[in-house]
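Scroll down for the structure; my scribbles are underneath it.
Protein chains: 2
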Amino acid sequence: MLKEERFDYILKKLQADHKVLHTELSNDLQVSEDTVRRDLEALAQNGLLIKVRGGAIPHSPNPFAFNERINIHEDDKKAIAAKALSFLHNGQTIIIDGGTSTYALVKLFPPSLQLTVVTPSIPIAMQLMEHPGVDVVLTGGRIFKSSQVTSGMDTIRMLEKLRADICFMGVCSLHTEVGVTGPHMEEAAVKNVMVQSANRIIALATSDKMGTAEPYKVCDITELDTIITDEAGLELAVPYRQLGIKVI
Amino acid sequence: MLKEERFDYILKKLQADHKVLHTELSNDLQVSEDTVRRDLEALAQNGLLIKVRGGAIPHSPNPFAFNERINIHEDDKKAIAAKALSFLHNGQTIIIDGGTSTYALVKLFPPSLQLTVVTPSIPIAMQLMEHPGVDVVLTGGRIFKSSQVTSGMDTIRMLEKLRADICFMGVCSLHTEVGVTGPHMEEAAVKNVMVQSANRIIALATSDKMGTAEPYKVCDITELDTIITDEAGLELAVPYRQLGIKVI
DNA sequence: CATAATATTGCAGGAAATTGCAAGAACATG
DNA sequence: CATGTTCTTGCAATTTCCTGCAATATTATG
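Protein sequences, first through last, are from chains A and B. Those letters in the first sequence? Residues 92 to 339, by our numbering. Those letters in the second sequence? Residues 92 to 339, by our numbering.
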């Protein structure tokens, strides 16, 4: 067994279980615990995980919000992402906004998919770099460390020149009257341009986002084409449907 | 059996199994392990696979696409990076090119450093996101999956509008007459704009890069202000010094 | 066609990396 | 603070890698 295969196995297991143990890995890989220890050491050296007593845990590239949020509502987000997949077809150009729901979506991309993705999100770009069929375009600009997206005038300028088939937007807050809103001015401005630059806007929102509002406006609620949520059958969805928005 | 047939077989097997072993190939192809080793060496040279101890693995799908290169000449690169640190001062705006030498540099940034970094490199941006004092600006554009940098017109446009104090460039090839050159047209064009946009160009180059050339020109050798290398005392450095370039 | 130049291949040796083991230090936990 | 676990360090056995070299095959050239 090649050392790289062990690395691969360790990283896969880590992603699945959110932790790995020396004892387990030693068993799974049929090598001594010392070798496992040295493997983890090497992976930690390259910043791919964090060693802890007894094993290792995933590396949060930074202790900020994005990585904290990845795991909350993980199953809901996966369910939402799975529904979103059906909108994708080869040859499309799509905008994918930052956020944990949209990140869950690109993680589910089947390897056969062929499209161009424009995104301001660094985690999404990294994820898609490993995908053989997707061309990735990263919008430029200053990086917001908390959400790991680029923002600012440069981002807006790049998006303005674009015409995309679909925009998948990760929304912070949805409200029938206030519309789509967000907590940061710059990010809201960027999202607004995304809405202008795509033929069809699909919002990904866990149900706890619905009926809430934040200071900065992204767009009117009627500009949304579809809302994908985990609980489409709920009472909550009714007012959106009355406005002509598909809720699934 | 023709060498090309062996190449063909190796690549096919690699695609099927996601790895190849010296021992297996030696058996399958009925040649010595040394010949297999040399074949893998040749294929690795052309970027068709990654040599590892015991055999080889494919290039893209494994998670070490960037890290696979980070370990070669690791100590040399660290030494180079350490020398480069002395050029940094709080308040500067600097451009940092992609590449493993420049990546080693940002890894050494002391936490007290306060500056703005503009870079097309995603690994560098990720690394610096953890840094409390550095503002990171990522240039936009299509992502080159092999080198994990953005490139193209958008990248160039963002750099053009910039005026930086220093540009740290990771060079592929340095030659006293041909100048700085690189293997890809687009990347060379981006590097060229970097050179135009910074007051001072500092090239990071392990000594094996010196005296070599590639198809696409980045800039004249005289546009460099300083070359940082691992073996500044060598004979190699003399002709550059005669051109007025500092070599350290 | 003959001969020289070049490339390819296998082999031998020493260098380097990987692995598992053992002994003692550091650590967590009750 | 006593105990069992985990970590580090050094070491030796094994495997794999690299270098130079000689034998053979291939190609170029007069």
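We put the CB at the ideal spot given by N, CA and C, even for glycine.
query: What did DSSP end up calling Thr317(B) once you bin it into helix, strand or coil?
result: In this structure, Thr317(B) counts as strand in the three-state DSSP scheme.
query: Going straight from the alpha carbon of Asp99(A) to that of Val143(A), what length do you get?
result: C-alpha of Asp99(A) to C-alpha of Val143(A): approximately 19 Å in a straight line.
message: Between the alpha carbons of Asp108(A) and Asp316(A), how many angstroms are there, rounded?
response: Rounded to whole angstroms, the gap between the alpha carbons of Asp108(A) and Asp316(A) is 36 Å.
- request: Identify the contact partners of Val228(A) in chain B, using a Cβ-Cβ distance below 9 Å as the criterion.
  value: Within chain B, the residues near Val228(A) are Gly231, Gly232, Arg233, Ile234, Thr241, Gly243 and Asp245.
- request: Give a yes or no on whether the minimum CB-CB distance between Val269(B) and chain A is below 8 Å.
  value: By this cut-off, Val269(B) is not an interface position.
field: Endpoints, alpha helix (DSSP H) assigned at Ser288(B)
entry: Here the alpha helix (DSSP H) through Ser288(B) covers Met276 to Ser288.
- request: Return no unless some Cβ of chain B is closer than 8 Å to the Cβ of Lys174(A).
  value: No, because no Cβ of chain B sits closer than 8 Å to the Cβ of Lys174(A).
query: Between which two residues does the beta strand (DSSP E) containing Ser264(A) stretch?
result: For Ser264(A), the uninterrupted beta strand (DSSP E) run begins and ends at Ser264 to His266, by DSSP.
- prompt: If you pair each beta-carbon of the stretch 329-337 of chain A with each one of the stretch 182-194 of chain A, do three or more pairs fall below 8 Å?
  reply: The stretch 182-194 of chain A and the stretch 329-337 of chain A do not touch, with fewer than three beta-carbon pairs separated by less than 8 Å.
message: According to DSSP, is Tyr331(A) part of a helix, a strand, or is it coil?
response: Helix, per DSSP.
- prompt: For Arg233(A), which residues does DSSP report across the bridge?
  reply: Its beta-bridge partners are Ser242(A) and Val228(B).
- prompt: Per DSSP, Pro149(A) forms a beta bridge with which residues?
  reply: Bridge partners of Pro149(A): Leu140(A).
message: So for Leu206(A), helix, strand or coil by DSSP?
response: Residue state, collapsed to three classes: strand.
message: Can you check whether the C-beta of Lys110(B) is within less than 8 Å of a C-beta belonging to chain A?
response: Chain A contact via Cβ: present.
message: Closer than 7 Å between beta carbons: that is the criterion. Which residues of the stretch 205-225 of chain B meet it against chain A?
response: From the stretch 205-225 of chain B, only Ile213, Ala216, Met217, Met220 and Glu221 have a Cβ closer than 7 Å to chain A.
query: Do the stretch 166-175 of chain B and the stretch 294-304 of chain B meet, that is, are 3 or more Cβ pairs less than 8 Å apart?
result: Three or more pairs of CB atoms, one per stretch, sit closer than 8 Å, so the stretch 166-175 of chain B contacts the stretch 294-304 of chain B.
task: Select from the stretch 130-146 of chain B all residues with a C-beta closer than 7 Å to any C-beta belonging to chain A, and list them in chain order.
output: Taking 7 Å as the Cβ-Cβ cut-off, the stretch 130-146 of chain B approaches chain A at Val143, Arg144, Gly145 and Gly146, given in chain order.
- prompt: DSSP three-state call for Asn158(B): helix, strand or coil?
  reply: Any reading at Asn158(B) is ruled out, since the residue's pLDDT is 46, under 50, leaving its predicted position unreliable.
task: Inspect the CB distances between the stretch 253-272 of chain A and the stretch 233-244 of chain A and report whether three or more fall short of 8 Å.
output: Between the stretch 253-272 of chain A and the stretch 233-244 of chain A there are fewer than three C-beta pairs closer than 8 Å, too few to call the two in contact.
task: For Val338(A), name the three-state secondary structure that DSSP assigns.
output: Correct three-state label for Val338(A): strand.
Residue-chain proximity (Ile312(B), chain A), Cβ-Cβ < 8 Å: No, Ile312(B) lies away from the interface with chain A (no Cβ there is under 8 Å from its Cβ).
- prompt: DSSP on Met92(B), reduced to helix/strand/coil?
  reply: Coil.
query: Mapping DSSP to helix, strand and coil, what is Asp108(B)?
result: Three-state DSSP puts Asp108(B) in a helix.
query: How would you label Phe157(B), buried or exposed, when you count the other beta carbons within 10 angstroms and need 16 or more for buried?
result: The predicted position of Phe157(B) is uncertain, since its pLDDT is 43 and thus under 50; no value can be drawn from it.
message: Using only CA atoms, which one of Pro274(A), Ile312(A) and Arg97(A) lies nearest to Glu305(A)?
response: Checked all of Pro274(A), Ile312(A) and Arg97(A); the closest Cα to Glu305(A) is Pro274(A).
message: Is there a Cβ of chain B sitting closer than 8 Å to that of Asn153(A), yes or no?
response: No answer about Asn153(A) holds up, because its pLDDT of 47 lies below 50 and its placement is not dependable.
task: Would you list the one or two residues that DSSP bridges to Lys169(B)?
output: Lys169(B) pairs with nothing; no bridge assigned.
- prompt: Considering only C-alpha positions, which residue in the set Leu134(B), Thr193(B), Met217(B) and Gly190(B) is nearest to Leu139(A)?
  reply: Here the closest residue by C-alpha is Met217(B).
message: Taking the alpha-carbon of His222(B) as reference, which of Leu229(A), Ile234(A), Ile163(A) and Met220(A) has the nearest alpha-carbon?
response: Of the residues Leu229(A), Ile234(A), Ile163(A) and Met220(A), the one whose Cα lies closest to the Cα of His222(B) is Ile234(A).
- request: Give the residues of chain B in contact with Glu96(A), contact being defined as C-beta atoms less than 9 Å apart.
  value: Ordered by position in chain B, the residues that pass the 9 Å Cβ test against Glu96(A) are His109, Lys110 and Ile148.
field: Endpoints, the alpha helix (DSSP H) within which Val197(A) is located
entry: Unbroken alpha helix (DSSP H) run through Val197(A): Thr191 to Lys198.
- prompt: So which residues of chain A does Met41(B) contact, with C-beta pairs closer than 9 Å?
  reply: The structure shown does not extend to residue 41(B), since chain B is modelled only from 92 through 339, so no value can be given for it.
message: Please state whether the Cβ-Cβ distance between Gly231(A) and Met249(A) is less than 8 Å.
response: Cβ atoms of Gly231(A) and Met249(A): closer than 8 Å.
- prompt: Using a Cβ-Cβ distance under 8 Å, would Thr249(B) count as near chain A?
  reply: Strictly speaking, residue 249(B) in this sequence is Met, with Thr absent from that position. It does; some Cβ of chain A falls within 8 Å.
message: Tell me which residue opens and which closes the alpha helix (DSSP H) that Met301(B) is part of.
response: Where Met301(B) is concerned, there is no enclosing alpha helix (DSSP H), given that its DSSP letter is neither H nor E.
query: Can you tell me whether Thr114(A) is buried or exposed, with buried defined as 16 or more other CB within 10 angstroms of its CB?
result: Exposed, since its Cβ has fewer than 16 Cβ neighbours within 10 Å.
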